[in-house]
Amino acid sequence: GCLSLQLLQFAGRTCKHRFSYFKFTNKVKMLNQMSQSAGKSRAFSSSACTSETLSNKITTDNPKLVSEHPKKHVKPMNDTEFGYYLAGLIDGDGHFSKSGVEIAFHSADHLLAHYIKTRLGHGKISEVKGKNAIVLRFGLDGTKEVITLINNKFRTHHRFEQIEKNLFTKPSFSNFCNNLDLSLDKSENLDNYWLSGFSDADASFQIKILKRSLTRTEVRLNYQVDQKYDYLLKLIQKELGGNIGHRKSQDTYYYGSTSFVNAVKVIKYFDKYHLMSTKLISYLRWRRAYLIIQDRRHLTPKGLEELAESKSSIAKLEEIRKTYSLEND
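Numbering-wise (full-length UniProt numbering), the sequence shown opens with residue 1 and increments by one.
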């Protein structure tokens with residue numbers, strides 16, 4: 001929990017409070033000092049001339065594609081924005097049972113859980129025994145408010161089926177059900193907070209550094225999303241580019257960004273629709289790695305050292321998150 005205590009300061013039902021990325025970056029530096037140990041995509045090479053750098057036109061003559069300074073961090077500003085974020089989060093880590101809706105979080109993200117609870121004015125947070133996890137549970141009244149907020153915004157078929165099977169068959173939901181046209185968002189529009197919430201639940205940011213020879217080092221940046229089915233990954237792929245793979249042994253799918261061009265799209269999205277969990281730390285480190293490559297500092301020993309530090313910080317955070325595993329199908 002100490003990560004999120006230093007990370008986010010959520011308070012109140014309103015979403016007008018902001019904190020600057022400048023202040024947040026200072027906190028990231030503090031966390032990096034605590035986590036310096038030892039993140040699939042095309043590679044950026046430290047060699048001056050490679051097919052990757054040439055094909056993506058990473059040259060000193062090009063204007064900067066990504067600003068060095070991100071915008072100030074903001075929470076969703078209204079119920080529509082918050083509804084999209086909540087829909088994405090529930091699509092990833094939510095579950096609708098007969099007693100109501102619940103959302104699982106890593107224990108490091110307890111302040112995010114408290115923010116959602118406070119903003120909705122409903123819910124109870126409890127720890128999960130044997131897991132580094134907490135669950136935010138809503139009673140039937142709170143669940144009705146959640147469904148109203150995410151209606152026409154959530155995208156997973158099984159969440160829709162859970163609502164219809166477990167809740168809309170209850171007598172206490174009859175009036176609510178009759179007055180609500182429950183539907184999924186089947187559009188291809190991702191110009192909203194949905195992917196931010198979904199990524200806080202199911203995405204990861206990875207940096208991989210490969211020493212190919214004495215004079216050539218490759219850096220791979222990857223934004224990855226893992227899912228049991230591929231239909232949401234195809235939506236993300238259409239928006240951001242990248243590839244979708246299948247793990248036969250687990251019968252699961254994964255999306256991965258694969259190039260400099262894709263990385264720009266990923267950054268432009270998350271600079272506009274901010275992550276709310278501790279994954280924001282990983283994203284900022286990943287974004288910083290991109291800037292090192294954009295500025296061609298990956299061609300220098302110091303730049304490679306900075307990349308290694310970012311990789312170490314992200315890897316440490318991901319290792320912590322691996323201890324959190326709850327199934328919410």
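Cβ atoms here follow ideal geometry from the backbone N, Cα and C, with glycine treated the same way.
No experiment lies behind these values; they were computed from the predicted model shown.
Between the CA atoms of residue j and residue i - distance to the nearest angstrom
i	j	result
S216	V146	A small correction: the amino acid at residue 216 is Arg; Ser does not occupy that position in the sequence shown. So the alpha carbons of these two residues sit roughly 52 angstroms apart.
A315	L195	22 angstroms
K98	R212	55 angstroms
Y229	R247	11 angstroms
E218	I209	6 angstroms
N243	K144	37 angstroms
A201	F105	8 angstroms
G88	K238	17 angstroms
G142	H274	25 angstroms
S107	H114	11 angstroms
T59	Q294	Its pLDDT being 35, under 50, T59 is placed unreliably in this model, and the value from its coordinates should be taken loosely. When rounded, the distance between both Cα atoms is 8 angstroms.
Opening and closing residue of the beta strand (DSSP E) in which residue i lies
i	result
Q250	Where Q250 is concerned, there is no enclosing beta strand (DSSP E), given that its DSSP letter is neither H nor E.
S204	A203 to K211
S99	No beta strand (DSSP E) holds S99; DSSP gives it neither H nor E.
Cutoff 7 angstroms; reference residue i; Cβ partners in own chain excluding five residues on either side
i	result
K265	L240 and G241
L184	F154, R155 and F160
L291	V66 and E68
Sub-9 angstroms separation of residue i and residue j beta-carbons
i	j	result
Y254	G245	yes
S259	Q224	no
F168	L182	yes
I116	L136	yes
D271	P76	no
L221	W286	yes
Boundaries (first-last residue) of the alpha helix (DSSP H) holding residue i
i	result
Y223	From DSSP, Y223 is part of no alpha helix (DSSP H) but of the beta strand (DSSP E) over T217 to Q227.
L136	Segment A133 to R137 is the beta strand (DSSP E) holding L136; no alpha helix (DSSP H) there.
E68	Per DSSP, E68 belongs to no alpha helix (DSSP H) and is neither H nor E.
S310	P301 to R321
G242	Neither: G242 is in no alpha helix (DSSP H) and is coded neither H nor E.
R285	K279 to Q294
Close beta carbons around residue i, own chain, < 8 angstroms, minus the five adjacent residues each side
i	result
S126	I134, V135 and R137
Beta-carbon proximity list for residue i, same chain, < 6 angstroms, skipping 5 on both sides
i	result
Y193	P76, E81, Y84, Y85 and Y273
(request) Could I get the ranges of all uninterrupted alpha helix (DSSP H) runs contained in the region 109-193, with 4 residues as the minimum, in chain order? (result) Taken in chain order, the complete alpha helix (DSSP H) segments of 4 residues or longer contained in the region 109-193 are 110-120, 140-150, 157-162 and 174-178.
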